[in-house]
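Chains Z and C, in that order, give the protein sequences. Reminder that position 85 of the first sequence reads as 86 in the working numbering, one-by-one numbering, no gaps. Reminder that position 165 of the second sequence reads as 166 in the working numbering, one-by-one numbering, no gaps. Where a beta carbon is used, it is the ideal one built from N, C-alpha and C, also for glycine. Owing to the predicted nature of the structure, the values given are computational and were not obtained by experimental measurement. See below for the structure under consideration.
Number of protein chains: 2
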Amino acid sequence: MEQLTLVKVGGKIVEEADTLQALLNDFAAISGHKALVHGGGRSATRIATLLGIESKMVDGRRITDAETLKVVTMVYGGLVNKNIVAGLQSRSVNALGLTGADLGVILSDKRPVKEVDYGFVGDVKQVDGDRLASLVAQGIVPVMAPLSFSKQYGLLNTNADTIAAETAKGLARHYEVNLTFCFEKKGVLEREDDDDSVIPHITPDLYEDFKSRGIITGGMIPKLDNAFDALRCGVSQVTITKASELGKGTGTVVTL
Amino acid sequence: MEQLTLVKVGGKIVEEADTLQALLNDFAAISGHKALVHGGGRSATRIATLLGIESKMVDGRRITDAETLKVVTMVYGGLVNKNIVAGLQSRSVNALGLTGADLGVILSDKRPVKEVDYGFVGDVKQVDGDRLASLVAQGIVPVMAPLSFSKQYGLLNTNADTIAAETAKGLARHYEVNLTFCFEKKGVLEREDDDDSVIPHITPDLYEDFKSRGIITGGMIPKLDNAFDALRCGVSQVTITKASELGKGTGTVVTL
Numbered sequence: 002m003e004q005l006t007l008v009k010v011g012g013k014i015v016e017e018a019d020t021l022q023a024l025l026n027d028f029a030a031i032s033g034h035k036a037l038v039h040g041g042g043r044s045a046t047r048i049a050t051l052l053g054i055e056s057k058m059v060d061g062r063r064i065t066d067a068e069t070l071k072v073v074t075m076v077y078g079g080l081v082n083k084n085i086v087a088g089l090q091s092r093s094v095n096a097l098g099l100t101g102a103d104l105g106v107i108l109s110d111k112r113p114v115k116e117v118d119y120g121f122v123g124d125v126k127q128v129d130g131d132r133l134a135s136l137v138a139q140g141i142v143p144v145m146a147p148l149s150f151s152k153q154y155g156l157l158n159t160n161a162d163t164i165a166a167e168t169a170k171g172l173a174r175h176y177e178v179n180l181t182f183c184f185e186k187k188g189v190l191e192r193e194d195d196d197d198s199v200i201p202h203i204t205p206d207l208y209e210d211f212k213s214r215g216i217i218t219g220g221m222i223p224k225l226d227n228a229f230d231a232l233r234c235g236v237s238q239v240t241i242t243k244a245s246e247l248g249k250g251t252g253t254v255v256t257l
Numbered sequence: 002m003e004q005l006t007l008v009k010v011g012g013k014i015v016e017e018a019d020t021l022q023a024l025l026n027d028f029a030a031i032s033g034h035k036a037l038v039h040g041g042g043r044s045a046t047r048i049a050t051l052l053g054i055e056s057k058m059v060d061g062r063r064i065t066d067a068e069t070l071k072v073v074t075m076v077y078g079g080l081v082n083k084n085i086v087a088g089l090q091s092r093s094v095n096a097l098g099l100t101g102a103d104l105g106v107i108l109s110d111k112r113p114v115k116e117v118d119y120g121f122v123g124d125v126k127q128v129d130g131d132r133l134a135s136l137v138a139q140g141i142v143p144v145m146a147p148l149s150f151s152k153q154y155g156l157l158n159t160n161a162d163t164i165a166a167e168t169a170k171g172l173a174r175h176y177e178v179n180l181t182f183c184f185e186k187k188g189v190l191e192r193e194d195d196d197d198s199v200i201p202h203i204t205p206d207l208y209e210d211f212k213s214r215g216i217i218t219g220g221m222i223p224k225l226d227n228a229f230d231a232l233r234c235g236v237s238q239v240t241i242t243k244a245s246e247l248g249k250g251t252g253t254v255v256t257l
């Protein structure tokens with residue numbers, strides 16, 4: 002099987018002109034098949050505020066009412082996605098921007114209302130890995146916005162880490178997928194206050210050990226749970242690194 | 002050659018929920034190969050106003066400064082385009098939203114500054130008809146936003162009628178293209194105040210005659226010049242009709 006590099010970058014990197022340019026240069030330099038998944042939450046919050054729409058968050062997740070859905074559709078599907086696509090095309094990377102609705106590549110169900118009503122938020126049900134692989138085989142580089150699609154509800158706001166992990170799983174039948182999460186730190190750190198204490202390699206046993214010793218805590222736990230889930234579903238390798246270190250082989254490598 | 006129907010709809014139709022739903026139903030009902038080009042100017046003006054950005058127009062064309070470019074990227078490439086794509090996917094039409102940057106399908110040059118500096122506005126240089134035809138051959142329905150792409154400048158704001166005409170020309174080597182411009186009237190009218198005085202068929206000779214008699218004037222002249230240009234470049238037929246009449250075989254048919 003041929004290799005494919007799937008890079009997920011958070012909003013902060015792609016929303017500032019200089020970090021975006023650096024990222025696009027690094028991403029363009031990656032050889033072989035590749036795809037990009039991006040966030041955009043900071044821009045969405047900023048535009049929503051300018052439009053007089055209050056951003057309500059619960060546990061870091063955005064409550065997406067009808068007006069907020071319009072904002073994230075504009076910002077994720079338009080502003081952020083198309084700037085990345087244009088930036089890559091300027092670098093001769095044949096990028097194609099996609100939401101989950103385009104070609105129906107990411108189908109989701111609207112999240113059921115339990116303690117919290119998240120509104121127009123989608124839980125991914127199915128990624129059309131065949132379709133994405135067919136695009137990749139045509140030399141196309143998918144650039145995916147964090148929006149999924151439900152036939153009943155239309156576009157649904159979806160966490161970008163989840164889009165990345167599910168896309169990696171969907172492509173794993175066709176490619177040896179290396180999923181890279183770009184992050185503000187150089188990797189998973191052994192000591193939170195020491196940016197150079199990157200743990201080079203994490204396996205399930207080491208993960209349990211780090212968790213039990215309180216070394217891996219908080220927001221890193223869902224990230225790693227996501228990573229192990231992707232690996233169990235056929236993704237070859239997950240890397241957690243800093244955006245500016247992309248392609249340098251640094252960061253934390255997660256394998257089974 | 003197989004037939005392809007390329008429909009251009011203006012902003013007003015796609016920006017109001019009920020007319021959009023009707024249009025999507027009519028468009029979904031068109032059999033065979035098809036593609037859609039949309040505008041979105043009214044939404045762009047509305048969002049720009051909410052964001053405190055003044056919309057400057059010269060002869061009905063938007064002056065596109067850097068802030069306005071962000072707005073049209075959000076609105077055309079995101080809000081309007083993705084709502085259409087999602088609406089079509091809900092109707093089992095395999096839509097793919099595209100700006101000119103996506104797959105580099107519509108390349109343009111930034112308009113030179115003469116009497117007016119239009120800012121980030123693109124004059125179409127080249128449509129990748131091979132790429133679009135290849136998508137269509139895969140059963141994909143392109144949904145195109147009025148944004149073109151320059152390697153030097155990135156995304157550029159571009160008139161939707163022009164995008165439609167140039168796309169039709171680009172596809173004409175691969176398909177027998179019927180280009181339909183949806184319009185607020187039922188077609189080209191013989192008497193401006195009589196909505197039922199549709200001229201059923203216009204040829205170059207008749208066009209000259211209607212112009213000389215003052216029957217065809219104003220904004221209809223560039224539309225028809227565009228139509229004849231498309232026909233001379235291989236497009237089979239141009240139809241000018243009302244959106245609500247789409248697929249009914251009514252309106253004004255323009256041929257050489």
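CB contact check: residue i to chain Z, cutoff 8 Å
i, result
"C/Met-75", "yes"
"C/Phe-150", "yes"
"C/Val-122", "no"
"C/Gly-41", "no"
"C/Asn-95", "yes"
"C/Leu-80", "yes"
"C/Thr-100", "yes"
"C/Gln-4", "no"
is_contact[residue i, chain C] using C-beta, thresh 8 Å
i, result
"Z/Leu-180", "no"
"Z/Ser-109", "no"
"Z/Val-86", "yes"
"Z/Leu-25", "no"
Closer than 8 Å at the beta carbon, the chain Z residues around residue i
i, result
"C/Ile-141", "Leu-104"
"C/Leu-156", "Lys-83, Asn-84, Ala-87"
Partner residues on chain Z for residue i, Cβ-Cβ distance less than 7 Å
i, result
"C/Lys-35", "Those within 7 Å of C/Lys-35 in chain Z number zero; the least Cβ separation is about 15 Å."
Coil, strand or helix - residue i by DSSP
i, result
"C/Gly-123", "strand"
"C/Met-2", "coil"
"Z/Gln-90", "helix"
"Z/Ile-14", "helix"
"C/Pro-223", "helix"
"Z/Asn-82", "helix"
"C/Ile-241", "strand"
"Z/Lys-187", "coil"
"C/Ser-109", "strand"
"Z/Leu-257", "coil"
"Z/Ser-198", "coil"
"C/Arg-192", "coil"
"C/Lys-57", "coil"
"Z/Glu-116", "coil"
"Z/Ala-134", "helix"
"C/Thr-65", "strand"
"Z/Asn-26", "helix"
"Z/Val-76", "helix"
Residues that residue i contacts on chain C, provided the C-beta gap is smaller than 9 Å
i, result
"Z/Asn-160", "Here the premise fails: no neighbours, minimum Cβ distance about 18 Å."
Pick from the options that is closest to residue i, judged by C-alpha positions
i, options, result
"Z/Leu-156", "C/Leu-80, C/Glu-55, C/Lys-71", "C/Leu-80"
"C/Lys-212", "C/Arg-233, C/Asp-197, C/Asp-230, C/Leu-190", "C/Leu-190"
"Z/Tyr-176", "Z/Ser-151, Z/Ser-149, Z/Ala-138", "Z/Ala-138"
"Z/Lys-170", "Z/Met-145, Z/Gln-127, Z/Ala-146", "Z/Gln-127"
"C/Leu-89", "C/Ala-231, C/Asp-27, C/Tyr-154", "C/Asp-27"
"Z/Asp-162", "Z/Asp-206, Z/Asn-227, Z/Leu-247, Z/Gly-123", "Z/Asn-227"
"C/Arg-62", "C/Asp-124, C/Phe-150, C/Gly-130, C/Leu-25", "C/Asp-124"
"C/Ser-198", "C/Gly-40, C/Gly-250, C/Gly-248, C/Lys-187", "C/Lys-187"
"C/Asp-194", "C/Ala-134, C/Leu-7, C/Ile-216, C/Leu-207", "C/Ile-216"
"C/Cys-234", "C/Gly-12, C/Asn-179, C/Asn-158", "C/Asn-179"
Residue i: contacting residues in chain Z (beta-carbon distance under 9 Å)
i, result
"C/Gln-127", "Simply none; closest approach about 13 Å."
"C/Lys-13", "Residues of chain Z passing the Cβ test: none, with the nearest at roughly 18 Å."
Within chain C, partners of residue i - CB distance below 8 Å
i, result
"Z/Leu-133", "What Z/Leu-133 touches in chain C: nothing, since even the nearest Cβ is about 12 Å away."
"Z/Lys-71", "Leu-80"
Neighbouring residues, chain C, relative to residue i (Cβ below 7 Å)
i, result
"Z/Ser-91", "Lys-152, Gly-155"
At a Cβ cut of 8 Å, what residues of the region 191-218 of chain Z count as close to chain C, listed as they run along the chain? none
In the region 45-60 of chain Z, which residues sit with their C-beta less than 8 Å from some C-beta in chain C, listed in chain order? Ile-48, Leu-51, Leu-52, Gly-53
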